[in-house]
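Only one structure is covered here, and it is reproduced in the block below.
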Amino acid sequence: MKNLKKILVVGGGLAGCAAASRMAEGGAEVVIVEREPVIGGRVRGYGCKADAKCNHCGVCLTKGLWKGVLKNPSIETIVSSRVVDLRGTDTSYDAELDTPGGRRYVTGISGALVTTGFENIGAARSAHLQIEGTEGVATGSELEPAMRGRGKNGPFAAAPKSVAFIQCFGSRDKKERSNYCSRVCCAYSTRMARVIRHHYPDCRFTFFYMELQAAANADVFAEMRSLGADFVKCRPSRVTGGRPASVEYDDPAEGRRRRDFDMVVLSEGIHPARDNWRSAEVFGLELDENGFLRARGKRGVHVAGTAKRPMTIAETRHDAILAADAITEEL
Ligand SMILES: Cc1cc2nc3c(=O)[nH]c(=O)nc-3n(C[C@H](O)[C@H](O)[C@H](O)COP(=O)(O)OP(=O)(O)OC[C@H]3O[C@@H](n4cnc5c(N)ncnc54)[C@H](O)[C@@H]3O)c2cc1C
Ligand code: SF4
Ligand code: SF4
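The sequence shown begins at 1109 in my numbering and counts up by one.
As structure tokens, this is what we get:
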């Protein structure tokens, strides 16, 4: 890269910040446009999942990243804003932004990277599981703040005696419009169970599951079983919140059953953002069969991170760096 080039990064989550830092290191001038008031995306709200030892959740891979981006003189961060239009040729673009102060323009852009991330399915949107009441019921994302804020007495005010995890919640199913494995929920739920077990050693776990993610996690589940977890292979049909919360399901051996738990965790996965169609239009991208974004070969416009497909923190960071290098290479 001979002259200073201006790169637009859309989305200031992990992928956006990792790529921006890399490109700034390579000599580019980077403008990040983030729709929320702060950068960091999902990971910024996640807690460490160590029990007596590190459980390799990847959260500390982001250590110093957000501060580094905000302090970097080669990176401008525009928050609470969206790109509404990108015009130009394949070597120079101008972006029109909707900001709290009104329309703003970023001109002379040589390349753009879309890192708008993913969406949670949310308890209300499951096609399979009927959910009535929220007491004692939380999605994986809703449990993250408790993991993050936990003190020496653990993440909860009272020690739970039994916790159910419902795996593949909103994943691996055509009806949920997500016929793929979300890759992250087997690992984060077993890490959460380890943290809970660490603080409340009498707690027992039940995992309702359809599939377990590939061989890499088989040992994790064997370990959980050795800690007293049991596994039921089925997709539950109903969760009723309360004290206790209950799960109804068809047991392959025993027929229709209902079991009570102090807490039910819906292990939600990674879903394409509902407004991906709009990003596809603005940036000249296309949607894949699941609704994730894909570059259309338009020169200078790339996609990275979970806007593209489900990825872990480590995978997202790696993908963002590869995309940053590809853009730098093109300039
Ligand atoms: C419950 C849960 C727990 C998880 N726990 C782990 C874990 O322990 N370990 C692990 O490795 N992975 C975990 N993951 C996966 C992890 O969340 C992702 O790998 C990571 O967040 C991906 O980062 P990203 O930058 O691609 O997306 P995001 O974190 O979603 O960031 C996208 C950013 O883009 C912004 N944005 C979106 N649309 C626009 C727009 N139109 N204009 C401007 N900005 C926009 C968003 O506000 C956000 O800041 C977990 C996932 C879930 C659902
Ligand atoms: S944040 Fe995750 S990777 Fe870092 S120490 Fe904690 S468990 Fe280990
Ligand atoms: S990671 Fe595990 S829980 Fe998540 S969709 Fe894949 S198999 Fe299901």
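Where a beta carbon is used, it is the ideal one built from N, C-alpha and C, also for glycine.
- Taking C-beta separations shorter than 6 Å and ignoring five residues to either side along the sequence, the partners of residue 1123 in its chain run 1223, 1412, 1413, 1424 and 1428, following chain order.
- Residue 1211 counts as exposed, since fewer than 16 other beta carbons sit within 10 angstroms of its beta carbon.
- The residue from 1340, 1155, 1178 and 1274 with its alpha-carbon nearest to that of residue 1142 is 1178.
- Taking the Cβ of residue 1261 as the reference point, every heavy atom of ligand 2 lies at 7 Å or farther away.
- Boundaries of the alpha helix (DSSP H) around residue 1433: 1421 to 1438.
- Excluding the 5 residues flanking it on each side, residue 1400 has same chain C-beta neighbours closer than 6 Å at 1380, 1416 and 1417, in chain order.
- Residue 1289 and residue 1228 have their C-alpha atoms some 14 Å from each other.
- Residues of the same chain with a CB within less than 8 Å of the CB of residue 1358, apart from the 5 flanking positions on each side, are 1342, 1345, 1364 and 1365 in chain order.
- DSSP lists 1137 and 1217 as the beta-bridge partner residues of residue 1114.
- Judged by pairs of C-beta atoms under 8 Å, the stretch 1299 to 1309 touches the stretch 1266 to 1280, as three or more such pairs exist.
- In this structure, the C-beta of residue 1249 stays at least 7 Å away from each heavy atom of ligand 3.
- A direct Cα-to-Cα measurement between residue 1133 and residue 1371 gives close to 46 Å.
- With fewer than three CB-CB distances shorter than 8 Å, the stretch 1243 to 1254 does not count as touching the stretch 1312 to 1319.
- Relative to ligand 1, the beta carbon of residue 1156 is positioned no closer than 7 Å to any heavy atom.
- Shortest gap from the CB of residue 1278 to any heavy atom of ligand 2: 7 Å or more.
- Distance from the CA atom of residue 1145 to the CA atom of residue 1333, rounded to whole angstroms, is 42 Å.
- A contact between stretches requires three or more CB pairs, one per stretch, nearer than 8 Å, and the stretch 1154 to 1162 meets this requirement with the stretch 1256 to 1268.
- Straight across, the Cα-Cα distance linking residue 1355 with residue 1369 is about 8 Å.
- Closer than 7 Å to some heavy atom of ligand 3: that does not describe the Cβ of residue 1374.
- Annotation for residue 1272: the continuous beta strand (DSSP E) segment containing it runs 1270 to 1277.
- Going by beta carbons, residue 1337 and residue 1308 fall outside the 8 Å limit.
- In the same chain as residue 1296, and ignoring 5 residues on each side of it, the C-beta atoms closer than 8 Å to its own belong to 1157, 1165, 1248 and 1375, in chain order.
- Taking every protein chain shown into account, the CB of residue 1263 has 16 or more other CB atoms within 10 angstroms, so this residue is buried.
- Annotation: the continuous alpha helix (DSSP H) that includes residue 1304 extends over 1293 to 1307.
- Secondary structure note for residue 1389: its alpha helix (DSSP H) is the uninterrupted segment 1384 to 1391.
- Look at residue 1290: its beta carbon is less than 7 Å from one of the heavy atoms in ligand 3.
- Counting every other CB atom within 10 Å of its CB across the protein chains shown gives residue 1382 a total below 16, marking it as exposed.
- Residue 1127 and residue 1208 have their C-alpha atoms spaced approximately 25 Å apart.
- A straight line joining the alpha-carbon of residue 1175 with that of residue 1118 spans about 18 Å.
- Of the candidates 1200, 1293 and 1236, the residue whose Cα lies closest to the Cα of residue 1281 is 1236.
- In this structure, residue 1226 lies away from residue 1421, with their beta-carbon atoms at least 8 Å apart.
- The Cβ atoms of residue 1214 and residue 1139 lie closer than 8 Å to each other.
- Considering only 1291, 1408, 1219 and 1373, the residue with the shortest C-alpha distance to residue 1251 is 1373.
- A residue is called buried once 16 or more other Cβ atoms fall within 10 Å of its Cβ, and residue 1162, having fewer, is exposed.
- Residue environment for residue 1436: buried (at least 16 other C-beta atoms within 10 angstroms of its C-beta).
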